[in-house]
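See structure below.
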Amino acid sequence: MKKTNKFEHVCFLEVAEDDRVSVEKNFPGAKIISKPLSEKELIKEAADAEILSPFIYTKISAKAIKSLKKLRLIATRSVGYNHIDLEMANKKNVSVCNVPDYGAHVIAEFVFALLLSGLRHVAEGDDLVEEKYKFSFQGFKGLALKNKTIGIIGTGKIGAKVAHIASSGFLMNVLAYDPCPNKKLAKENNFQYADLENLLKSSDIISLHCPLLPKTKHLINTKNIALMKDGVVIVNTSRGGVIDTKALVKALKKGKIANAFLDVLEHENNLKKSKELIDLPNVITTPHIAFYADDSMESMYQTTFKAIKAYLNKKELPNKVSGI
Ligand code: NAD
Numbered sequence: 004m005k006k007t008n009k010f011e012h013v014c015f016l017e018v019a020e021d022d023r024v025s026v027e028k029n030f031p032g033a034k035i036i037s038k039p040l041s042e043k044e045l046i047k048e049a050a051d052a053e054i055l056s057p058f059i060y061t062k063i064s065a066k067a068i069k070s071l072k073k074l075r076l077i078a079t080r081s082v083g084y085n086h087i088d089l090e091m092a093n094k095k096n097v098s099v100c101n102v103p104d105y106g107a108h109v110i111a112e113f114v115f116a117l118l119l120s121g122l123r124h125v126a127e128g129d130d131l132v133e134e135k136y137k138f139s140f141q142g143f144k145g146l147a148l149k150n151k152t153i154g155i156i157g158t159g160k161i162g163a164k165v166a167h168i169a170s171s172g173f174l175m176n177v178l179a180y181d182p183c184p185n186k187k188l189a190k191e192n193n194f195q196y197a198d199l200e201n202l203l204k205s206s207d208i209i210s211l212h213c214p215l216l217p218k219t220k221h222l223i224n225t226k227n228i229a230l231m232k233d234g235v236v237i238v239n240t241s242r243g244g245v246i247d248t249k250a251l252v253k254a255l256k257k258g259k260i261a262n263a264f265l266d267v268l269e270h271e272n273n274l275k276k277s278k279e280l281i282d283l284p285n286v287i288t289t290p291h292i293a294f295y296a297d298d299s300m301e302s303m304y305q306t307t308f309k310a311i312k313a314y315l316n317k318k319e320l321p322n323k324v325s326g327i
């Protein structure tokens, strides 16, 4: 008897091997592609797709939307949707759904993973034991978090969680800057708002949690770095473009900035451009993995599955981002 591929009109892109089982279980027969696709590949691979579920690295361009004649729903498994040409989606009656929040705590926790492992020399300690077979504390004096001041730039979903963990968990002093301050949030999470200048001047650690917008591009630049304390530590899990890479490299070389712990880079698609930064000994770089954990993936996929099932059952679409 011929096996029917029930969901062969559904196409998932950028699915990691770990997450494949869940997709297969919910949508048997769906096309599952692990890597991001170029425009040309997308037009070929998704030619039969009525429903497309990308992550953020496949650009769903106007040309692709125009070419994919059967496409009716794009269910992106991300908060952001600037990789999708919404105007063309609207024009072609293609609905677009996103995942508005898949777990800010996962990114907030990662901020402390970077801080603790970097400031307490976890990786270097492991290297010494594993590679050199030595067991010595020499050279590994760390920096404690308690009573230090952390400055949080952007107190949205993630920044607020970082503030909460910093104040309640690590007993840090927390300053925050946000153009839209929320007094109730500050009270609940035990932090104080400051203007950007004062935050930069007073913080031992600065953690970035604002979106990348024309206004926030290179928010951390030569001028703002000059305001910071000598030996400040910078953590960036927001977007690489919020920091001017050249200015950061200069400040790290001079020791003005003691350490930079970066999950995001200005040139993630062209690492050669960030080589000088990546190679510095006082920099830890991770490949944009702050979001990637059990809770967040479960929530990301389940929210997407719900949207696809609502579409298939002709119910109202949750988390619609286009006007359709
Ligand atoms: P959010 O929208 O909930 O909060 C963003 C906050 O930034 C808002 O409060 C906003 O008022 C504030 N803001 C806007 N302009 C600002 C400025 N000029 N200065 C300071 N604050 C400003 O977003 P979120 O969910 O908290 O995410 C924050 C950022 O983290 C996202 O924009 C995204 O780029 C990044 N992110 C990274 C990962 C990762 O894996 N590394 C995962 C998710 C999100």
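The sequence shown begins at 4 in the numbering used here and counts up by one. Backbone N, C-alpha and C fix where the C-beta goes; we use that ideal spot for every residue, glycine too.
The beta carbons of residue 154 and residue 178 sit closer together than 8 Å. Under the three-state reduction of DSSP output, residue 148 falls in the coil class, being neither helix nor strand. Distances from the alpha-carbon of residue 243 to those of 276, 308, 48, 254 put 276 closest. DSSP places residue 126 inside the alpha helix (DSSP H), whose first and last residues are 125-135.
Between the C-alpha atoms of residue 31 and residue 234 there is a straight-line separation of about 54 Å. The stretch 104-113 and the stretch 71-78 do not touch, with fewer than three beta-carbon pairs separated by less than 8 Å. Within the chosen limit of 7 Å, ligand 1 reaches the beta carbon of residue 240 through at least one heavy atom. With contacts defined by Cβ atoms closer than 8 Å, residue 71 and residue 49 form a contacting pair. Restricting attention to 215, 13, 185, 232, the CA atom closest to the CA of residue 206 is found in 232. Residue 56 holds the alpha-carbon nearest to the alpha-carbon of residue 314 among 36, 23, 56. Annotation: residue 168 is outside any alpha helix (DSSP H) and is labelled neither H nor E by DSSP. For residue 293, the shortest C-beta to heavy atom distance toward ligand 1 is below 7 Å. Minimum Cα-Cα distance from residue 171 among the listed residues 186, 194, 209, 161 corresponds to 194.
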